[in-house]
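Report on the structure given below.
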Amino acid sequence: MIKYKLICKQCDISFDSWFSSSQEFERLKKRKFLNCHYCNSKKIEKSLMAPKLINKLSKISFNQDNLKLEKINKRLKDYQKFIKNNFDYVGENFAYEARSIHYDKKKKKGIFGTATTDEIKELKEEGIETEIIPWVEDKSN
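138 is the number of the first residue of the sequence shown in this note's numbering; add one for each residue after it.
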């Protein structure tokens with residue numbers, strides 16, 4: 138995992154974000170999946186960061202940070218398991234299915250899938266409730 142300090146060129150807000158690798162950051166940026174959580178702009182750049190040097194005191198902090206990260210990953214995986222067991226997977230048809238449920242009101246069970254940030258924005262503008270949940274792939278196998 139790698140943590141980058143990112144900056145929005147639109148509103149100048151800076152924020153941190155984690156990526157599995159530097160290549161993953163570049164891939165997400167190229168596919169325009171990165172956006173500012175404040176103004177929703179796609180003009181996101183990496184900012185300069187100071188390296189984190191490890192000494193005896195920072196090793197303790199590093200271990201505590203690792204435990205926190207493990208707890209977060211476990212909680213995300215628990216959420217994912219709950220979602221998989223209680224919702225219908227609709228894949229890339231999420232926006233279409235969400236509108237069908239909202240306007241036809243036939244289907245009672247919730248859904249999950251993938252959608253672009255523009256599709257999510259349009260759904261919210263239509264009054265259709267959606268949530269974005271980070272999906273952690275299990276790489277232990």
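We put the CB at the ideal spot given by N, CA and C, even for glycine.
DSSP state of Ile209 mapped onto helix, strand, coil: The answer is helix: DSSP assigns Ile209 an H, G or I state.
Nearest neighbour of Glu256, chosen from Lys167, Ala235, Gly247 and Pro271 [CA to CA]: Per the Cα distances, Ala235.
So the beta strand (DSSP E) Lys246 belongs to, where does it begin and stop? Neither: Lys246 is in no beta strand (DSSP E) and is coded neither H nor E.
Let me confirm a value: Ile181 is counted as buried when at least 16 other C-beta atoms fall within 10 Å, else exposed. Which label applies? Under this definition Ile181 is a buried residue.
What are the residues that DSSP puts in a beta bridge with Ser158? Answer is none; Ser158 lacks a bridge partner.
Excluding sequence positions up to five away, which residues of its chain have a Cβ less than 6 Å from the Cβ of Lys244? Only Ile238 meet the Cβ criterion.
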